[in-house]
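Worksheet: one structure, shown below.
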Amino acid sequence: MVSEYPKALLSGALDLMCRKLLEDEAVIGVGFPYVTAPDGSWRTMLACESAGYTGDAWSHGNWFCGFWVGLLTAAHEHSGKPEFLKLAQERMRLVAQRAGDPNTHDIGFIFWSSARILHRLTKDDAMGQMALKAAERLRARLVTTRSGAYISSWGPLDDPRGRASSAIDTMANIPLLYWASEHSGDASFRLAGQAHAAMTEKAFIRPDGTLYHAVEYDTTSGERIRGYTFQGYSDESSWSRGAGWAVYGYAATAAATGDRRWLDLAIRIAEVWLKELDGRDCPPWDFTDPDPTPTLDSAAAAIMAAALLDIGSLHPDRVEGARWTNKGVSLLTGLASGHLATEQSHRGLLMHGCYSKPHDIGPDAAVMFGDYYFVEAMARLVLPGKLVDKYAPLPG
Ligand code: GLY
Numbered sequence: 000m001v002s003e004y005p006k007a008l009l010s011g012a013l014d015l016m017c018r019k020l021l022e023d024e025a026v027i028g029v030g031f032p033y034v035t036a037p038d039g040s041w042r043t044m045l046a047c048e049s050a051g052y053t054g055d056a057w058s059h060g061n062w063f064c065g066f067w068v069g070l071l072t073a074a075h076e077h078s079g080k081p082e083f084l085k086l087a088q089e090r091m092r093l094v095a096q097r098a099g100d101p102n103t104h105d106i107g108f109i110f111w112s113s114a115r116i117l118h119r120l121t122k123d124d125a126m127g128q129m130a131l132k133a134a135e136r137l138r139a140r141l142v143t144t145r146s147g148a149y150i151s152s153w154g155p156l157d158d159p160r161g162r163a164s165s166a167i168d169t170m171a172n173i174p175l176l177y178w179a180s181e182h183s184g185d186a187s188f189r190l191a192g193q194a195h196a197a198m199t200e201k202a203f204i205r206p207d208g209t210l211y212h213a214v215e216y217d218t219t220s221g222e223r224i225r226g227y228t229f230q231g232y233s234d235e236s237s238w239s240r241g242a243g244w245a246v247y248g249y250a251a252t253a254a255a256t257g258d259r260r261w262l263d264l265a266i267r268i269a270e271v272w273l274k275e276l277d278g279r280d281c282p283p284w285d286f287t288d289p290d291p292t293p294t295l296d297s298a299a300a301a302i303m304a305a306a307l308l309d310i311g312s313l314h315p316d317r318v319e320g321a322r323w324t325n326k327g328v329s330l331l332t333g334l335a336s337g338h339l340a341t342e343q344s345h346r347g348l349l350m351h352g353c354y355s356k357p358h359d360i361g362p363d364a365a366v367m368f369g370d371y372y373f374v375e376a377m378a379r380l381v382l383p384g385k386l387v388d389k390y391a392p393l394p395g
């Protein structure tokens, strides 16, 4: 069953991306864009900045740099212009140094969106090897406890704070493990991802179907010591982007394992999120924020749109699948018609993202990951099979 989508609207958004990427490449220098400043210009960061603690303060470092490569590659696929591929390959040489980074789960994001896609497009073995090296680093973050194993999110594993931490974002890093399992034939990558998915189900999901942003584990027993937030409104709040990461990762887990249980879980979390969204075209940064006009997070909608399209592809019932695909299309249509950064002074593709409201970084801004997942979601419709696989329906 083929779902309808507004082709001209989405192609127009990709045209806008192509134009802006070339304009930005001419001026940004060696740094990589991550959020826009209040005047609409990009703030940039060097690719080499790893995550880490300064005293007790945690910095995520540059987990955005791969997304820029992904956008350049998508621009190549959309426009057919070789200059975009050349730019992507040049930028990749700056990102490559992060493949062995031992400090963060974010190497999943970085190499999922860069070397993996370049390998897909060019078949360059060096790109496959680089993505595999990053996946090995991610797998090495698996902490095994008496009641399961999880991928530690933040910090060096020999730092007890890092070893005990896991964030919901990690669910969207594990697709690199599933890719590595297929690419190398080594099922241990998939098993690590699956173990993380199971532990996250136990520790992060509240009885009402909303999620913790982060969990501190007892590294011996595997019990949750506490659920808390880093970027959300409060420890018990419903940070809208977190559910997007979770649904995206559980859909990928369903595809990698063929197990319906993960698809059902993705659907359960998505249903709660859509209920909280309540028909709006873009969620607030946190559903629990009592502000009557809260800061929005278009990135949360973009990630969820990609995940809903995946649910649509995976669903064994074609009518139900089409229903989920339509929900994804509807979110994308809302973003492309109401939140595109069409003004020349405003860089980036999607306005109204929110990187971290508590830290006052990019609230109400274009955010690099929002642009990337918006494009990845659109590519599922406009450039099928080019950036990501279209998942096959699970057995009924
Ligand atoms: N670190 C992932 C996020 O900000 O959503």
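Residues 0 to 395 in numbering that gives the first Met the number 0 are what the sequence shown spells out, letter by letter. Here a beta-carbon is modelled for each residue, glycine too, at the ideal position from N, C-alpha and C.
LEU273 versus LEU380 - alpha carbon distance: Their backbone Cα atoms lie some 21 Å apart in a straight line.
Just how far apart, CA to CA, sit ALA242 and ALA250? Their Cα atoms are separated by approximately 12 Å.
Chain-order list of residues whose beta-carbon lies under 7 Å from that of LEU71 (same chain, five-residue window excluded): Closer than 7 Å at the Cβ level, and outside the excluded window around LEU71, lie LEU20, PHE83, LEU86, ALA87 and ARG90.
Residue range of the unbroken alpha helix (DSSP H) whose run includes TRP244: Residue range 239 to 256 is occupied by the alpha helix (DSSP H) that includes TRP244.
On the criterion of 16 or more Cβ atoms from any shown chain inside 10 Å, does ARG92 qualify as buried, or is it exposed? So ARG92 ends up on the exposed side.
Residue burial classification, THR143 (beta-carbon count within 10 angstroms, cutoff 16): Exposed is the call here.
Under a Cβ-count criterion, where at least 16 other Cβ atoms within 10 Å of its own Cβ denotes burial, should THR440 be classed as buried or exposed? Residue 440 cannot be examined here, being either before or after the span of the chain that is shown, 0 to 395.
With three or more beta-carbon pairs closer than 8 Å as the criterion, would you say the stretch 216 to 231 touches the stretch 269 to 283? Because the criterion of three Cβ pairs below 8 Å is not met, the stretch 216 to 231 and the stretch 269 to 283 do not touch.
Tell me whether the beta-carbon of ALA130 lies closer than 9 Å to the beta-carbon of LEU175. Yes, they are a contact pair.
Kindly give me the distance between the Cβ atoms of PRO282 and SER239, rounded to whole angstroms, as I take these residues to be in contact under 8 Å. Your pair PRO282 and SER239 checks out as a contact, with CB atoms roughly 4 Å apart and the cut at 8 Å.
So who's on the other strand from GLU319, going by DSSP bridges? BP columns for GLU319 are empty, so no partner.
Thinking C-beta only, is LEU386 closer than 9 Å to ARG119? Yes. Within cutoff.
Classify ARG42 as helix, strand or coil using the three-state DSSP reduction. Three-state DSSP puts ARG42 in a strand.
Do the CB positions of LEU141 and SER151 come within less than 9 Å of each other? Taking 9 Å as the Cβ cut-off, LEU141 and SER151 qualify as a contacting pair.
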